[in-house]
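What follows is a set of notes on a single structure, which appears directly below.
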Amino acid sequence: MIWGAIVGGLAGTFVLTTMLRAASELGWTRIDIPFLLGTALTTDRVRAKAVGYSLHFVFGLLFALGYWVIFVVVGESGVLLGALLGLLHGLFAASALVNVLLPVVHPRMGTGFDAAGSAPMLEPPGFLLLNYGRRTPLVTLAAHIVYGAIVGGFVSWAG
Amino acid sequence: MATVKRIDGFAPIADYAAVGDGRTAALIALDGSIDWLCLPDLDSPSTFGALLDAEAGGRFELRPETPFESTRRYLPETNVLETTFSTAEGTVRVTDAMTLPTGGLSPYREVVRRVDGLSGEVPMRWRAEPRPAYGAAVGIERRAGAHLVTCGSNAVAVLSWDAGEPEVDDGTVGSSFVVQAGTPAQLVLAAAHQEPVVFPARDETADRLQATERFWHDWTGEREYDGPWRDAVLRSALALKLLVYAPSGAIAAAVTTSLPETVGGERNWDYRFSWPRDSSFALRALLGLGCSREAQAFFSWLMHASQLTHPDVRVLYRLNGRPEADERSLPLAGYRDSRPVRVGNGAAGQTQLDVYGELLDAATQVARSTGGLDRDEGGRLAKIADHVCRIWRKPDAGIWEARSDPAPFTQSKMMCAVALDRACSLADEGFLHGDVARWRGEAARIREFVETRCYSERKQSYTRSPDDDLLDAALLMGVIGRYDEPTAPRLVGTVDAVRRELANGPLVHRYASEDGLPGEEGAFLACSFWLAEAFACQGRLDEATELMDELVGLANDVGLYSEEIDPATGEFLGNFPQGLSHLALISAAVAIAEATA
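From first to last, the protein sequence lines are chains A and B.
Throughout the first sequence, residue numbering follows this note's numbering, covering 4 to 162 in sequence.
Throughout the second sequence, residue numbering follows this note's numbering, covering 47 to 643 in sequence.
Here's what the structure looks like:
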């Protein structure tokens, strides 16, 4: 069952990343999670994206393991339950994780209190990530729901 | 010193200078207003488009509040612009550049505007009015100390230091401030695309500005021309470098779209594409100046882009190599009421046979300078030569992209012969393999056609089309492209006829005949430089030098050229700065230097 969570976490993160990238190409959002994560560690754009993608997959795996724990606790798994967890995960990501917690730990993330100071800063995401485009919350939620459904599906399939 | 005379809010085209970063470029007027900037790339929609709509297009003004005169220059051997404003209160200098990334975290695109007081206390004002997506009305938000405009997956932020307290008013952010010696102010436009905006710090933008100046200076220092028009050639090289789209190596024809060939007319085209037709000139110019890296990148891009349409070579491709370029009109007022304002280019669907000659000539230059072509490229070029054998008899739109029905054009046929000549040479030199006998035979048949049908005894010149008596400056390519020995009597007669019938002083018109469009156009600068080069190729060095001297004197105050000049008024017409004009200048200067040596 845990193997289902691991495979599902990787597959789900791949699909989630692809969905966000496609939304960006369609002009719906400017969110770029690998860039956001990677620039916490390096100022080199190319390296930041490479590091960011790796980190995103690690986090995707960790969250999938978290889902697995919940599935074990409730004694049930599946696409629908996974999608529901994905919805909650997406709401958490948009309202607290990226908006509140990431700026706290990200050395280059601006906040509403910063002025253009001595270090280059990244535009903060704002509540529900709305700073990155009005469709960003919808895109983010949809991507996380799909992620959750994939994880749930793989866990259920693995048995 | 000059004052800017805007007409209905539009500055003369010659009043613009360009700064860029190899991805996009901004046009800055003599009065300090950025009136054109497409983001994130040269062929993206404009964020500042006052060049094409003074009311709705958006601009970024920075100038004294009191009456002023201005003068400007590029910092020596760079694409960093320095404008000096003189007022009754004192003198102030504005340094503009699009910075290049230096390794740290920098904005996706960045325009830096540094303001230094030179004397007195000068009241200044700035006003940024971003209108992304060709004039969209957008709100301005304040975020993390910057003012931000967002539109889809794009955003621009305006930051200022010691330039007054910015105030927002109806989609505009700006302020007033007083500048004096020792207290510089700085403004930055930071743009993002598909990512959060990076808000730069002041000292980092200052460092990037310095690094950018150093980069341009070093790049220019590597150029190899040392002839009599060195400044003009180096400026042309720098202008050309602004048109090289670094992510792909493509060379854009110009920074702008729809600057008119006739003010108030409809000859307004989008030139933010790359034309394979220019490849031969581009390669000659780049290699002549020692830009082998850029030359190789452009040729690789050309082969990559044309792969999708092989063995057809399209008239133009997007800078990213895609072949589609659907043409449409924008609801903008147009430069001094010159409408329609077009984006995309309908010429993309035309057939132009001359392009094959340009491409194979470019391939020959690359093969000889780098020592070879890769196997795949050689194979494709051989197939293109076979393709030329099949299609050279067809009518086409010609080098000038006539929008009338396709017709046979002499220059197209000449360049088909050149294409096959070059294919044979490449085969003889072992760079490719193919049916050389067929290529030679077909080249001979093309020459027979041209010599029997496309030459006028009365004019002592080749003609625009078979069996007519009209002239075309494109026939000069017969000399430059080596359709025959440059001193062949018929080519000498053609050069004389072009000068006699199409030249107006130093300026040469493309043709004097119907082209399917209403209105008249100015003289075509590239043709004027081609005439100088043709003189040089024929050993007529005095004529070449005299003409070149005159043409070099026609550049604007910072050494840039548009596509055309009105011979009556000297007014610049057409898109700006124009790559082909600068390519032709470099090519002519190099040819004269070689002929003199």
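Beta carbons are placed, not taken as given, at the ideal position from N, Cα and C, and that holds for glycine.
If you're wondering where the values come from, they're calculated on a predicted model, not measured in any experiment.
Given a cut-off of 8 angstroms, decide if residue j and residue i are closer than it, judged by their beta-carbon atoms.
| i | j | result |
| --- | --- | --- |
| B/LEU577 | B/VAL544 | yes |
| B/LEU619 | B/ILE53 | no |
| B/LEU466 | B/ILE430 | no |
| A/VAL149 | A/GLY12 | no |
| B/ALA413 | B/PHE477 | yes |
| B/ASP442 | B/GLN398 | yes |
| B/ALA469 | B/GLY480 | yes |
| A/LEU132 | A/ILE34 | yes |
Quick one: grab the DSSP three-state call for residue i.
| i | result |
| --- | --- |
| B/PRO357 | coil |
| B/GLU589 | helix |
| B/MET144 | strand |
| B/PRO215 | Here the sequence assigns Asp to residue 215 of chain B, which means Pro is not the residue at that position. Residue state, collapsed to three classes: strand. |
| B/ALA63 | strand |
| B/ASP451 | coil |
| B/ARG499 | helix |
| B/THR308 | coil |
| B/PRO535 | helix |
| B/VAL554 | strand |
| B/SER90 | coil |
| B/HIS681 | In the structure as shown, chain B starts at 47 and stops at 643, and residue 681 of chain B therefore has no counterpart that could be examined. |
| B/MET460 | helix |
| A/THR20 | helix |
| A/LEU167 | Any answer about residue 167 of chain A is impossible in this case: the structure gives chain A only from 4 up to 162. |
| B/CYS470 | helix |
| B/SER221 | strand |
| B/GLU268 | coil |
| B/SER352 | helix |
| B/GLU567 | coil |
| B/PHE618 | strand |
| B/TRP485 | helix |
| B/CYS583 | helix |
| B/ASP420 | coil |
| B/GLN232 | strand |
| A/HIS109 | coil |
Using the Cβ count rule (16 or more neighbours within 10 Å means buried), how would you classify residue i?
| i | result |
| --- | --- |
| A/TRP6 | exposed |
| B/SER325 | buried |
| B/PRO535 | exposed |
| B/MET47 | exposed |
| A/GLY78 | exposed |
| B/SER165 | exposed |
| B/PRO122 | exposed |
| B/LYS459 | buried |
| B/ASP420 | exposed |
| B/ARG69 | buried |
| B/ALA63 | buried |
| A/HIS59 | buried |
| A/VAL107 | exposed |
| B/ALA614 | exposed |
From residue i to residue j, what distance separates their C-alpha atoms?
| i | j | result |
| --- | --- | --- |
| B/THR591 | B/SER352 | 37 angstroms |
| B/VAL554 | B/ASP67 | 32 angstroms |
| B/ARG109 | A/THR21 | 46 angstroms |
| B/LEU332 | B/SER415 | 11 angstroms |
| B/GLU589 | B/LEU631 | 15 angstroms |
| B/TYR120 | B/ALA637 | 26 angstroms |
| B/GLN624 | B/VAL301 | 7 angstroms |
| B/ALA285 | B/PRO512 | 37 angstroms |
| A/GLY120 | A/ARG111 | Note that A/GLY120 has pLDDT 46, beneath the 50 cutoff, so the model's placement of it is unreliable and the number below is only indicative. The straight-line gap from Cα to Cα measures roughly 11 angstroms. |
| B/THR130 | B/SER507 | 50 angstroms |
| B/LEU335 | B/ALA341 | 10 angstroms |
| B/GLU101 | B/MET461 | 45 angstroms |
| B/ALA634 | B/SER206 | 44 angstroms |
| B/LEU97 | B/ALA379 | 10 angstroms |
| B/LEU239 | B/ILE186 | Note on residue identity: the sequence assigns His, not Leu, to residue 239 of chain B. Looking at the two C-alpha atoms, the distance is approximately 17 angstroms. |
| B/ASP162 | B/VAL224 | 11 angstroms |
| B/GLU115 | B/GLU250 | 31 angstroms |
| B/LEU73 | B/GLU475 | 45 angstroms |
| B/TRP347 | B/PRO91 | 23 angstroms |
| A/LEU44 | B/GLU167 | 44 angstroms |
| B/LEU516 | B/GLY444 | 14 angstroms |
- Three or more beta-carbon pairs under 8 angstroms between the stretch 305 to 314 of chain B and the stretch 275 to 290 of chain B, yes or no? no
- Task: Count the C-beta pairs between the stretch 308 to 316 of chain B and the stretch 379 to 393 of chain B that are closer than 8 angstroms, then say yes if the count reaches three, no if not.
- Result: yes
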